[in-house]
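This report refers to the structure that appears directly beneath it.
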Amino acid sequence: MLQALWRERGSAQCMSYRNERTQQIFEEIRRNEGYVDAYEDILTGSAYLDAVRQGRITGYNVIMMYQLPVIVEG
């Protein structure tokens, strides 16, 4: 299913957002002596950026994020 998103231009552009935004964030970090302009989403978080720096996430990876529901009894 995810591979099919690369077939059409519009969805392929959406799929490349993470890689493009990551490059912008690293440029911000270089410009601002190690800091991002603003923490906006997961892409500006240290866990994600460290994984990219270490090569564990590359431009060819697809990142999926999901949230598990929390059940509160009481």
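In our numbering, the protein residues as written are 1116 to 1189. Yeah, the Cβ is synthetic: ideal placement off N, Cα and C, and Gly gets one too. Small disclaimer: the values here were computed from a predicted structure and weren't measured.
Next on the checklist: Quick check on the burial criterion: 16 or more other C-beta atoms within 10 angstroms. Buried or exposed for I1186?
Outcome noted: exposed
Next on the checklist: Would R1133 and L1164 be called neighbours here (beta carbons separated by less than 8 angstroms)?
Outcome noted: no
Item to check | Status (buried if at least 16 other CB within 10 Å, exposed otherwise) for I1140 | outcome: buried
Item to check | Residues of its chain near T1137, where Cβ-Cβ distance is below 7 angstroms and the 5 sequence neighbours each way are ignored | outcome: L1158, V1167
Checklist entry - Between M1130, S1126, R1146, G1125, which lies nearest to N1176 when the distance is taken from Cα to Cα? => result M1130
Checklist entry - Nearest-angstrom Cα distance between A1153 and L1183? => result So the two alpha carbons sit approximately 26 angstroms from each other.
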